[in-house]
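Numbering (the numbering used here) for the sequence shown: 524 to 686.
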Amino acid sequence: MTVGIIEGFLLLLFSVVYIVTLVIALILPLVKRKSFNFYPLVSTAIVIVAVIISFNLDIFESPTALYARTKNRIGQSSLTLRHIGRFKIQQREIEWSCYYKGRYGIQGDTLLLLRNDIRTVTNDLFTDKYLIDANKKILIQINKFDLIQDTTKWLTIIDDAEM
Numbered sequence: 524m525t526v527g528i529i530e531g532f533l534l535l536l537f538s539v540v541y542i543v544t545l546v547i548a549l550i551l552p553l554v555k556r557k558s559f560n561f562y563p564l565v566s567t568a569i570v571i572v573a574v575i576i577s578f579n580l581d582i583f584e585s586p587t588a589l590y591a592r593t594k595n596r597i598g599q600s601s602l603t604l605r606h607i608g609r610f611k612i613q614q615r616e617i618e619w620s621c622y623y624k625g626r627y628g629i630q631g632d633t634l635l636l637l638r639n640d641i642r643t644v645t646n647d648l649f650t651d652k653y654l655i656d657a658n659k660k661i662l663i664q665i666n667k668f669d670l671i672q673d674t675t676k677w678l679t680i681i682d683d684a685e686m
């Protein structure tokens, strides 16, 4: 899922259109001296609650097992592992954000993201295999044959719970 400036402008535009329509729907019965209709207020309350919930969906997620992010980048990218075996990758730049979700597994000191297209959709910023170095608190990318030496693609572990 990609969210950017265009989506923000669309949200703003639709919000203005909704508010103008709501004001007209509330004022028109008063001007024409008709009975007041509460349905616009009820539907607005439902929409507001739905928007608040959609912006706070992380509170319904399971607890975080590990949170790591890249260092030495203009944008911010992060990997969140949940206790239920699911991961979320966030890539954030100035004008857009992308989110990728999937399942993961851990074999010894190797983290496996169980999604085959993760390298292509993240332009090789993330990969599907990482070596977990708990002493240095980093995740090192593993290529098919060896460790990737580009330290800008390594992830620094910020928060790690019992794994």
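Glycine included, each C-beta is placed from N, C-alpha and C at the ideal position.
In terms of Cα proximity to G531, the closest of W619, L678 and L545 is W619.
The three-state secondary structure of A657, taken from DSSP, is coil. Contact annotation: I661 and T643 have beta-carbon atoms that are not nearer than 9 Å.
Inclusion of Y653 and T675 in the CB contact set at 9 Å is not warranted, their separation being larger than that value. Between T603 and L589, the CB-CB gap stays under 9 Å. In the structure shown, T567 falls within a helical segment according to DSSP collapsed to helix, strand and coil.
Less than 9 Å separates the beta-carbon of T645 from that of C621. Closest option to N666, judged by alpha-carbon separation, among F537, I582, L648 and P586: L648. Sequence-distant Cβ neighbours of T593 in its own chain, meaning closer than 8 Å and more than five residues away, are Q599, S600, S601, L648, T675, K676, W677, L678 and T679. Under the criterion of beta carbons closer than 8 Å, G608 and Y627 qualify as touching, at roughly 6 Å. Nearest to D656 by alpha-carbon distance, out of G631, L636, I641 and N639, is G631. The three-state reading of DSSP puts G625 in strand, counting E and B together.
Taken through DSSP and simplified to helix, strand or coil, G531 comes out as helix.
Secondary structure at F610: strand, using DSSP grouped into helix, strand and coil. Residue range I641 to V644 is occupied by the alpha helix (DSSP H) that includes R642.
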